[in-house]
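Engineer: Can you read through this structure? Questions will come right after.
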Amino acid sequence: MIVKKHNIMIPKPRSNFVKVECDSCKNIKVLYTYSTKPVLCPSCNAELLVNTGGQAKILGNILETLD
Ligand SMILES: [Zn+2]
């Protein structure tokens, strides 16, 4: 039996993830704060993150910042 080893190196980017609670439906989603695209709530389609000229703006309640 051959066991395939997956040696995938995942680079650790200097990223900023935040746990955001949707204002409308209280769904919790983890967002990448440097996202260039708007992020919508998966359950009610409210905007959770919008990009305003290169800077992401979070519209929900930030519960936690993750690294
Ligand atoms: Zn929602």
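Numbering (the UniProt record's numbering), first residue to last: 1 to 67. Glycine included, C-beta positions come from ideal geometry on N, C-alpha and C.
If you check the beta carbons only, do K29 and G54 fall under 9 angstroms apart?
Structural biologist: Not closer than 9 angstroms, so no.
Engineer: For L49, count neighbouring Cβ atoms within 10 angstroms of its own Cβ and tell me buried if that reaches 16, exposed if not.
Structural biologist: Counting Cβ neighbours within 10 Å, L49 comes out buried, since at least 16 surround it.
Engineer: For I34 versus N16, is the C-beta distance shorter than 9 angstroms?
Structural biologist: Contrary to the premise, residue 34 reads as Tyr rather than Ile in this sequence. Going by C-beta atoms, Y34 is nearer than 9 angstroms to N16.
Engineer: Thinking C-alpha only, which one of N27, D67, S43, K37 is nearest A56?
Structural biologist: Checking every option, the nearest Cα to that of A56 belongs to K37.
Engineer: Rounded to a whole number of angstroms, what is the C-alpha to C-alpha distance between P42 and K4?
Structural biologist: Computed Cα separation, rounded: 35 angstroms.
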